[in-house]
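See structure below.
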Amino acid sequence: SDVIDLTGDDKDDLQRAIALSLEESNRAFRETGITDEEQAISRVLEASIAENKASLKRTHPEVWSDSPNPYDRKRQDNCPVGLKNVGNTCWFSAVIQSLFNLLEFRRLVLNFNPPANAQDLPRNQKEHRNLPFMRELRYLFALLVGSKRKYVDPSRAVEILKDAFKSNDSQQQDVSEFTHKLLDWLEDAFQIKAEEERDGEKPKNPMVELFYGRFLAVGVLEGKKFENTEMFGQYPLQVNGFKDLHECLEAAMIEGEIESLHSENSAKSGQEHWFTELPPVLTFELSRFEFNQALGRPEKIHNKLEFPPILYLDRYMHKNREITRIKRDEIKRLKEYLTVLQQRLERYLSYGSGPKRFPLVDVLQYALEFASSKPVCTSPVDDLGASAPSSGTLPPQIPPSTIEQQGPSSSDVPSTSPVQRSVIHKPFTQSRIPPDLPMHPAPRHITEEELSVLEGCLHRWRTEVENDTRDLQESISRIHRTIELMYSDKTMVQVPYRLHAVLVHEGQANAGHYWAYIYDHHQNRWMKYNDISVTKSTWEELERDSFGGYRNASAYCLMYINDKEQYLIQETILKAKGRLLNLASVLISWLSEFLDYVKEDNKRFEKELEEWDAELAQKAQQEKLLSQIPRAPAPSPAP
12 SDVIDLTGDD
22 KDDLQRAIAL
32 SLEESNRAFR
42 ETGITDEEQA
52 ISRVLEASIA
62 ENKASLKRTH
72 PEVWSDSPNP
82 YDRKRQDNCP
92 VGLKNVGNTC
102 WFSAVIQSLF
112 NLLEFRRLVL
122 NFNPPANAQD
132 LPRNQKEHRN
142 LPFMRELRYL
152 FALLVGSKRK
162 YVDPSRAVEI
172 LKDAFKSNDS
182 QQQDVSEFTH
192 KLLDWLEDAF
202 QIKAEEERDG
212 EKPKNPMVEL
222 FYGRFLAVGV
232 LEGKKFENTE
242 MFGQYPLQVN
252 GFKDLHECLE
262 AAMIEGEIES
272 LHSENSAKSG
282 QEHWFTELPP
292 VLTFELSRFE
302 FNQALGRPEK
312 IHNKLEFPPI
322 LYLDRYMHKN
332 REITRIKRDE
342 IKRLKEYLTV
352 LQQRLERYLS
362 YGSGPKRFPL
372 VDVLQYALEF
382 ASSKPVCTSP
392 VDDLGASAPS
402 SGTLPPQIPP
412 STIEQQGPSS
422 SDVPSTSPVQ
432 RSVIHKPFTQ
442 SRIPPDLPMH
452 PAPRHITEEE
462 LSVLEGCLHR
472 WRTEVENDTR
482 DLQESISRIH
492 RTIELMYSDK
502 TMVQVPYRLH
512 AVLVHEGQAN
522 AGHYWAYIYD
532 HHQNRWMKYN
542 DISVTKSTWE
552 ELERDSFGGY
562 RNASAYCLMY
572 INDKEQYLIQ
582 ETILKAKGRL
592 LNLASVLISW
602 LSEFLDYVKE
612 DNKRFEKELE
622 EWDAELAQKA
632 QQEKLLSQIP
642 RAPAPSPAP
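Using my numbering, the first residue of the sequence shown is number 12, and each one after it goes up by one.
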């Protein structure tokens, strides 16, 4: 099959389709009685699409234009292949690359065989959409594996996705919604195949087994206890008000007044969630967008949220519920005590009753320095006045301007005296400070006995305050450390999940750019997948771009994988029949169909390289021939 080349108008089709769906949604709102608030949300999202579309038109030629030199688009060695942005599709690239780099997911997609009765399909709209998309996704994955290009064009898969954005009951799709929809499509496609192959047993869907888990909801509602088991895929977490991923999870696993769960007679309502089965691939949705009712628009939450490269989930498992409850109670008690200690410490560090407060140890030190200063018996103003010349000077309490206005008296200022020519003294510019006057304030009267007692008290009090402050700080540090290590015992580190991918959004709620950091489990390094660009990265760069709090970039989706399930990332996988096979041999079934497709695309690219080389050679030959042609002599000037 040939690769479709989209025109400039075609590349905006997705945006037009979303805008059209919003217009249809508005009509549906009026017909079905949707509230004014929901209509307002729809209008805001529609304006957001228009803004994104305008931004696309401004930046498209700079970002998504292919270099005319095919060598700039050539894959170097075995570097991972990027995905071309075909019109505001960076979200597609971030999600697809994260999934493609899970070797188990890659194997499932590439090894998927359409149902034998596919010719008789589609029986419904879902099959009509899902099976073609599955085919295009397999073609795309095949190119990502074997292409000689630096990046490939995902237009054909994106074209099918357009239909997902045209339903009357949907609004603008964000990345989380797209990921939900993508997994739903894949689940449906594999379900068709599973139902075809079942032998009287309930069909197993590999997408469900890979991405879906279960949790038990245990709670009390209006005094009645209940238990429900629920299935989950992407697990949503609130970001606002939390500092790290564990705090988010703790809040998500407990709702309401949980004390009522352990009492027989209570009318309070609340519930706990306990994981009973975790999926091999665990995805957390970080809720970084909220609708501001006052401003009437969505806003992004830029708060910093830390997450670890290894996440231990033992404390959230149902089998550990008893020990977890004990530890939670202990942490609650420690945090209450910690609050008391922090309040006490704050009184030492911010002492005083006025608007300005200082550390108490500094206040005592200042008092000690004042008491120890050299005592002065007179006012510093009097000393300044006494140091000035005695004749013709003004008392300090009479301003010079007053005397100037009155004029000098003949009896006070004889005209025959030559030393009376200057009658105005400026004490702060003309006089010298006496050598015995201290530069800092000092007590005027203090005896040696008083100073000795005061110094002793201040020294003792300062030492006591220093010791109290240090003890409080050490106690606070010990409590923090105790809380951090609360779940570090051997029984609570048996369920490790390793961070596989971080999907990042940069910008505001109504516009921005997406990319992904994906861990290379074989090279033990992080890689940054940013559309056509795939580069080496570091944990430090990931922290800066993903934790938030520094600029407009932050993680909105975290993908963790079970660290004990090595088949997810290894080149060898364990088949259901118990045979250990190499990835290459497992993928034999799709080679016949897709190998030719990849070869044909590589041939087209090699032809581009050959044509470029030939064009350069031709230009070089023409320049050489032109240089060998003798130039006609310049005509001599007329006499």
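Don't be surprised by glycine CBs; every beta carbon is placed ideally from N, CA and C.
Status (buried if at least 16 other CB within 10 Å, exposed otherwise) for residue i
i, result
"Gly244", "buried"
"Arg481", "exposed"
"Ile529", "buried"
"Lys95", "buried"
"Gly363", "exposed"
"Val464", "exposed"
"Gln354", "exposed"
"Asn239", "exposed"
"Asp199", "buried"
"Val351", "exposed"
"Tyr83", "Before going on, a small fix: residue 83 reads as Asp here, not Tyr. So Asp83 ends up on the exposed side."
"Ala631", "exposed"
"Leu306", "exposed"
"Lys289", "Checking the sequence shown, residue 289 turns out to be Leu, not Lys. Leu289 should be labelled buried."
"Gln304", "exposed"
"Asn535", "exposed"
"Asp77", "exposed"
"Gln282", "buried"
Delimiting residues of the beta strand (DSSP E) encompassing residue i
i, result
"Asn521", "Where Asn521 is concerned, there is no enclosing beta strand (DSSP E), given that its DSSP letter is neither H nor E."
"Phe300", "Phe300 to Asn303"
"Cys568", "Ala564 to Asn573"
"Leu322", "Ile321 to Tyr323"
"Leu227", "Gly224 to Leu232"
"Glu576", "Unbroken run through Glu576: none, as it is neither H nor E."
"Gln282", "Gly281 to Glu288"
"Thr240", "Lys235 to Phe243"
"Thr546", "Ser544 to Ser548"
"Lys85", "No beta strand (DSSP E) contains Lys85, which DSSP labels as neither H nor E."
"Tyr540", "Arg536 to Asn541"
Contact belief for residue i with residue j at Cβ below 8 Å, rounded distance in angstroms
i, j, result
"Tyr567", "His516", "5 Å"
"Phe286", "His329", "6 Å"
"Ser158", "Val609", "7 Å"
"Ser109", "Ala512", "4 Å"
"Pro652", "Glu206", "The first residue shown for the chain is 12 and the last is 650, placing residue 652 beyond what the model contains."
"Ala564", "Leu469", "52 Å between Cβ atoms; not a contact."
"Asn314", "Val250", "6 Å"
"Pro91", "Val372", "Rounded, the Cβ-Cβ distance is 57 Å, inconsistent with contact."
"Leu579", "Glu115", "5 Å"
Range covered by the alpha helix (DSSP H) that runs through residue i
i, result
"Cys468", "Glu459 to Glu495"
"Arg117", "Leu114 to Leu121"
"His257", "Leu256 to Met264"
"Phe253", "Taken as a continuous stretch (DSSP letters only), Phe253 belongs to no alpha helix (DSSP H), as it is neither H nor E."
"Arg642", "Run containing Arg642: none; DSSP gives neither H nor E here."
"Val106", "Cys101 to Phe111"
Which of helix, strand or coil DSSP assigns to residue i
i, result
"Ile312", "coil"
"Thr190", "helix"
"Gly157", "helix"
"Arg555", "helix"
"Phe318", "coil"
"Pro507", "strand"
"Val163", "strand"
"Tyr327", "helix"
"Leu592", "Below a pLDDT of 50, predicted positions are generally treated as unreliable, and Leu592, at 43, falls in that range; no measurement from the model is reported."
"Gln306", "In the sequence as displayed, the identity of residue 306 is Leu instead of Gln. Coil at Leu306, not helix or strand."
"Thr502", "helix"
"Val169", "helix"
"Lys630", "helix"
"His516", "strand"
"Asp531", "strand"
"Val219", "helix"
"Val97", "coil"
"Tyr246", "strand"
"Glu296", "strand"
Any chain D beta carbon closer than 8 Å to residue i
i, result
"Phe381", "Among the chains in the structure shown there is no chain D, since it carries only a single protein chain."
*What are the uninterrupted segments assigned as alpha helix (DSSP H) that are 4 or more residues long and contained completely in the segment 330 to 382, given in chain order?*
Listed in chain order, the complete alpha helix (DSSP H) runs (minimum 4 residues) inside the segment 330 to 382 are 332 to 360.
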